[in-house]
Structures are given as C-alpha cells and as structure tokens.
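Working notes for the structure below.
In our numbering, the protein residues as written are 130 to 673.
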C-alpha cells in the first residue's frame, strides 16, 4: 500500500469529510522544500478522494505573522518594518528596497509565484489568508478561551516544552500604535480587549476580533485546526519533536472542543551538497526555477515515491536523469497488465508493486488520470543527447521517427519535456559531465591518450580496429544496432577489451572517457562527421 493510501485509510476511521491543511509564512522567496508540504497534502487529498471520501486541500497563509528580521535579500530600509504583520508592509523591489508604489503587499509578493508553481504541479488549494480570518473574527472565540484559561495554557506549555512561562504572561500578541508587535507588554485582559503598554510607556488595547493582534504560534496553530476543521496536516519534523508545537497543540485544541489532526511529519528537501534549503539564508532553488527544468510529473514523483519521513536530496545533475528514467520505468510497469501482481508474486513483491503504482498514480499532474505512457521509447538521457546535438525541435522528432522511437507527431507531454530539457541544458544546473561537444578532429588530450596506448601496445591493434570501423561506417546501414555490432565485433576481432574500445572511441568522438550510449550517439551524427575524427586518429597513429 502506498503511504498516502495508508494515511487515507486512517482518516476514513474519522469520517467521510476531511480538510488536509498546509501552512506557510510568506516571509521570503519560496523554495522547492516548501513544495514538499503542499504536494504531500495534495497526494493525501487525492488518496482520500480515490477512496470515496470528500477531501479538500486548504493552504493557510500566515500573512499576519510579523517580519522577524532584515533577511539577506532585503535592504536595511526594512529595519523599520521589523515586527509588522507581513500583509501590512510593502514588497521589496528589484534592489530589495520597500516598493511603496506596489499594488500588492509583502506576503502576496512572495506567495503568488509559489501558487503559480503549485498550479503547474496540478495542485489547486483553497487559500486562506490568516489576517483575513483574524479580521473577520474567526479567531475571536479561540483567543477568548485561551485568555480566560491562560494559567492552564501556561501549565501545559511548561510541562510539555520544558520552558518556564512568566506569571504575568498572556497568550496573545497585540499590535501597537506604530503597527509593530515588538516592544509591547500585555498588562491585562478585559474582554474583548487585551491591554498593553509599549516601551515608551504608552498604553493601549487591542480587540481580539479585529486583527489588532494574534495568538502566539503554539496557540495559533491549534486554533486554526478548530476554526478550519483540519483533520490532517503534514508538517516539518521540528514541530513533531518531543516537546514541540504539535505536542502542545494536540492538548490545547481540546480547550476549543476540537480534535487534533492526524499528523504527517516530513523530512526536509536538501539541495545536494548544501544541506536543507532555507529562504532566510538564501540557500534555495525556487519552485518556478525548478519547474523550468524539471517536468512537473518528475517533481511530484520525487515526493510521491519517498515516504514523508525520508529526507529527499534534490539534485539537478545526474540524479535528475536517474529519477526521470525511474519514473518512466514505473510508468511502463503501471501500464503493463503482465507486470501486475499474480499468484506467484511474493508478499514483498506485491507490496513493492503497489507502492510503485501508487507513486506513479500520485505523480500525475491531473488527478486520477492514467499516466500517459508516451508513444516513444526515448529515455530521458537519450532526449538529453538529442537536445544537445540537434538545435531545432523538428530535427529531434525526425530522428526519433527514423529510429522507431516516435510514431507521428509528438504528444504535448513530450514537447513539454524537450522544452524543459533545453532549459536545463542551458542552465547552471546541467552537469558538466553530461555536456556533449561532438569532435570533428581528435583533441590534444585524446591524441596523447591514443599515442600512449599505441606505445604500450605496439601491435597495431588500435590502428587496425579504427580502420575496420571506418571501412564499415562508410558502407553500413546508419543505425545504432549496426554501429553497436561493429564496435563490439571488431574489438573482439582485434583483442581489444570492450571497455577499452569504448574509452578509445569516446575520447575520439567526445574528447573524454565516457558519454551517452555510444552507438546511439554516433547514429545521430551525419556519417561523414562520425568518420572524420576516426580518420584523424588514423593519421596520428600513422605519423607516430
């Protein structure tokens, strides 16, 4: 059983109607680490709906949270906005300065591109701006209950978190006359007002039903569960730690007459070699940046194929190719009836197939759609090769038709994949090891390697091998199967190990020891262009 189906099974015991919630503070640029939470919610929602339940995905935007500091991407002009709710401060311009002419606020500035990325991933949540919920009085009852029972709340926080709570503490953060939540001391509670005094001795009061303040995080979170009827919520592992905010929230929500949601703790997505992504430290790959190079179904697959508690390392290099090809492999298993479970399968194999099919099912951009098994046989790595050696898309399709990898016109999903592939190749993320430069003559490095081998093995085998290939290439049918046979058969005939033969040819054609499937690469090069560096290599050996 796929992990999302297991969560749905647990939710079914609670009833047929569910709200799966995600919550994020839009304090800076979103990264693909944030995508894990919302896509995990979407996957669980789909699993519930597939099981006959009625589930919705609610994305709670913590827009009333304050700006906590001047982040590296902000100008020092933002110092004056520290402590102000995010929805009440201007967004940064291109230089990081407050843009006072902008039509949208700071929170919307950072949220909107993220929502755009979610839509591209097939995620369409209901948005709930937290400041609007406070303005409309939805949190008034919860605030009143926590304030009236502040001593009980303090006791729970102390016992579970281990942190002492001051005797004069109140579970509410008011907003002062200057618009900031910083520098205020709550002095009392006179329903419906929280009384306070600022650092300059000015006294004031905040109405708990009109967004003149907010609940602190450990009270705000369970209040959201009660207000929105949340039944399941994925959240980062820090909240799930012993003494963490989920531990306190599950007890505090009972004050509000509600039950805690089923928790789904998840691990971070890490950027390979750089650790967990963080907006505040600017260690990020943005969601739109990622989707510019990664097909949305592959990004969803990255999340659907890993249980939430397993950390994910996001790699835009060679691992991306491996992940994409694993996705295509699972797609074929999903579509092939002969691969489905049968009586001879072991319990472990049945379980594995169910998990694989679930991973593909939830990776689809369109819910409950059978994955589109593209009517071509080109692997992700083969498409990477074609995109580099053929500059226009039509020549890529022609090549695929000629090799039997495509029938007729390419499906939209393949056109989209090639577009992102070209973006990837031209980006900083494309691995140097996968870059292809087709050589028309032997490079200096390859020449040196060729001469060293000739000195070590003065039996003329290398020259005879290359000459045989040139002769065959000039007359053979120009397709990868024929070329592959020639490469391997002549290597055996000349007592050259296959690995050594491939290294020789990779050096001649690419100027390095490795590359994509060699025969497929050569078949894509015009015949004379493939022969030219071999002839050059023969000239080098003849002159040695």
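Glycine residues also receive a C-beta, built at the ideal position from the N, C-alpha and C atoms. These numbers were taken from a predicted model, which means no experiment stands behind them.
Check: DSSP-derived helix/strand/coil call for residue 131; Outcome: coil
Check: Nearest-angstrom Cβ-Cβ length linking residue 246 and residue 189, presumed shorter than 8 Å; Outcome: Rounded, the Cβ-Cβ distance is 18 Å, inconsistent with contact.
Check: Residue 459: first and last residue of the uninterrupted alpha helix (DSSP H) it sits in; Outcome: 447 to 464
Check: Secondary structure of residue 504, DSSP reduced to three states; Outcome: Residue placement at residue 504 cannot be trusted, given a pLDDT of 43 that sits under 50; what the coordinates show is reported in the next sentence. In the structure shown, residue 504 sits in coil (DSSP, three-state: anything other than H, G, I, E or B).
Check: Rounded separation between residue 660 and residue 601 - CA only; Outcome: 10 Å
Check: Stretch pair the segment 455 to 466 + the segment 480 to 493: three plus CB contacts closer than 8 Å; Outcome: yes
Check: Beta-carbon contacts of residue 653 that lie in its chain and below 8 Å, excluding the five residues immediately before and after; Outcome: 514, 515, 518, 519, 528
Check: Stretch pair the segment 596 to 612 + the segment 643 to 652: three plus CB contacts closer than 8 Å; Outcome: yes
Check: Those residues which DSSP pairs with residue 526 across a bridge; Outcome: None; residue 526 has no bridge partner.
Check: Residue environment, residue 291, which counts as buried when at least 16 other CB atoms sit within 10 Å; Outcome: exposed
Check: Three-state secondary structure (DSSP) of residue 183; Outcome: strand
Check: N-terminal and C-terminal residue of the beta strand (DSSP E) that residue 148 is part of; Outcome: 146 to 153
Check: Cβ-based burial, residue 204 [other Cβ within 10 Å; buried from 16]; Outcome: exposed
Check: Proximity of residue 400 and residue 443 at Cβ, strictly below 8 Å; Outcome: yes
Check: Contact set for residue 229: own chain, Cβ-Cβ below 6 Å, skip 5 residues either direction; Outcome: 219
Check: Option in 361, 638, 270, 637 with minimal Cα separation from residue 143; Outcome: 361
Check: Contact belief for residue 310 with residue 302 at Cβ below 8 Å, rounded distance in angstroms; Outcome: 5 Å
Check: Pairwise C-alpha distance: residue 387 and residue 357; Outcome: 10 Å
Check: Within 8 Å, strictly: CB atoms of residue 215 and residue 207; Outcome: no
Check: Under the three-state DSSP convention, the category residue 657 falls into; Outcome: helix
Check: 8 Å Cβ cutoff met for residue 180 and residue 141; Outcome: yes
Check: Distance CB(residue 459)-CB(residue 489) smaller than 8 Å; Outcome: yes
Check: Cβ-based neighbour list, residue 642, same chain, cut-off 8 Å, excluding 5 preceding and 5 following; Outcome: 632, 635, 636
Check: Secondary structure of residue 303, DSSP reduced to three states; Outcome: strand
Check: Extent of the continuous alpha helix (DSSP H) to which residue 542 belongs; Outcome: 541 to 554
Check: Three CB pairs or more closer than 8 Å across the segment 164 to 178 and the segment 250 to 259; Outcome: yes
Check: Cβ contact (3+ pairs, closer than 8 Å) linking the segment 317 to 326 and the segment 221 to 239; Outcome: no
Check: Residue range of the alpha helix (DSSP H) that includes residue 287; Outcome: 279 to 290
Check: DSSP three-state assignment for residue 423, whether helix, strand or coil; Outcome: coil
Check: Three or more C-beta pairs below 8 Å linking the segment 282 to 289 and the segment 367 to 378; Outcome: yes
Check: 8 Å Cβ cutoff met for residue 668 and residue 624; Outcome: no
Check: Reduced DSSP secondary structure (H/G/I, E/B, other) of residue 521; Outcome: coil
Check: Through-space distance from residue 572 to residue 134, alpha-carbon basis; Outcome: 55 Å
Check: Alpha-carbon spacing of residue 544 relative to residue 375, whole angstroms; Outcome: 45 Å
Check: Residue 453 versus residue 335 - alpha carbon distance; Outcome: 54 Å
Check: Where residue 314 sits in the DSSP three-state scheme; Outcome: strand
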